[in-house]
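Numbering of the sequence shown is given in the working numbering, commencing with residue 105 and proceeding in unit increments.
Quick reminder that beta carbons are idealized off the backbone N, C-alpha and C, glycines included.
Everything numeric in this text was worked out from a predicted model, so none of it was measured.
Have a look at the structure below before the remarks.
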Amino acid sequence: MINIGHGCPKLRELDISYCYEISHESLALIGRHCPNLKILKRNLMNWLDPSQHVIVPTEYLNACPQDGDSDAAAIGKFMPQLLHLELRFSKLSAKGLALISERCLNLEYLDLSGCANVTSRDIANATSNLKNLINIKKPNFYIPRSVFHTDRVLMNFILPFVECSNLQVLSIKSSPNVTDDSMINIGHGCPKLRELDISYCYEISHESLALIGRHCPNLKILKRNLMNWLDPSQHVIVPTEYLNACPQDGDSDAAAIGKFMPQLLHLELRFSKLSAKGLALISERCLNLEYLDLSGCANVTSRDIANATSNLKNLINIKKPNFYIPRSVFHTDRYGHWRLYDERFQTDVFRI
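Set out below in structure tokens:
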């Protein structure tokens, strides 16, 4: 890295992800000699789930321990000009994050996916002064309710977004403590929002979708995916009590989306329980849709989807349920089994 630092003074983008033998000293050197650096990618492997990097010798990873806060200190001190920073699965703490946010005031993109040593509150506090930040990716782990004791504490996470009037991309997926009351602040505080991911947030209802739609006219991308309710074994780490206490009304969501978000281009509704009626409400109003993900939506058939999307002239990518649905799921009338027999063979599962 010494040769790169001294030999590439005009460097604007550097990706040293998964390079475990590069330390914070190299970051400091690069920062001192490459004043034009705008993009730094310093992602690490998922140390929370070692099974995801089985091809990398454990000896190598263990021999090169990464000090997240030392990296953060070097970045903050020597790279204040950064606009884009990726630190996926860094072990930095709240202290390290503060060192970055206090100096890198021009940051527009910050990826903290997998940074398990910082909380949502740490992130909110550290980024509240980053006025140019338009895209932030947070750890997105399931946080037990017991972590939060009152709504007042939860507000410490949400309220800083009120001051991010330039925020355009927000991902708060897998945040069980974010509620409709929390979303009010986001709706009123982020009028320039273009992309919103509220997947797996079961305490956010259709009322929040309506509010966001009314106050965020620039919203183009909405991700409202739910967990696989057809196979509960796929969400064993999430308490069943939480899921059962927050039933999702797919058609109410669809009605809010159709009425208040007609400008959408990209919509994800994986494992929504919307019916053909709900899908029709979306397709009748969101005429500019280019991408629609209905994976796992067991209450709509291929025929329903074909009928509803026939007027979406800009649609270029659609993901259908694509699974066999047992007869027992349907409460058919006397002749309903003939309809089911006819429609089950229309799914892409049987495409050759």
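| Asked | Found |
| --- | --- |
| Inter-residue CB distance, His-310 and Ala-359 (contact presumed, cutoff 8 Å) | 7 Å |
| Where Ser-269 falls, given that 16 or more other Cβ within 10 Å makes a residue buried | exposed |
| Ile-308, DSSP secondary structure in three states | coil |
| Spatially closest choice to Lys-296 from Gln-272, Met-105, Ile-420, by CA coordinates | Gln-272 |
| Alpha carbon of Asn-403 to alpha carbon of His-137, nearest angstrom | 59 Å |
| Check whether Leu-187 and Lys-142 have beta carbons under 8 Å apart | yes |
| Limits of the alpha helix (DSSP H) - the one that Leu-201 falls within | 198-207 |
| Spatially closest choice to Lys-277 from Cys-401, Asn-322, Glu-299, by CA coordinates | Glu-299 |
| Inter-residue spacing [alpha-carbon to alpha-carbon] between Gly-172 and Gly-200 | 7 Å |
| DSSP three-state assignment for Glu-129, whether helix, strand or coil | helix |
| Leu-258 versus Glu-307 - alpha carbon distance | Because the pLDDT of Leu-258 is 43, which lies under 50, any placement of that residue in the model is unreliable, and the question is left without a value. |
| Supposed close pair Asn-150, Gly-218 - CB separation, criterion 8 Å | 6 Å |
| Proximal residues to Arg-389 (C-beta, below 7 Å), its chain only, five neighbours per side dropped | Gly-362, Lys-363, Pro-366 |
| Residues near Ala-202 by beta carbon distance below 7 Å, same chain, minus five either side | Ala-230 |
| Close beta carbons around Trp-333, own chain, < 7 Å, minus the five adjacent residues each side | Phe-375 |
| Extent of the continuous beta strand (DSSP E) run through Asn-107 | That residue, Asn-107, is in no beta strand (DSSP E); its alpha helix (DSSP H) goes 106-111. |
| Helix, strand or coil at Asn-239 according to DSSP, with G and I counted as helix | strand |
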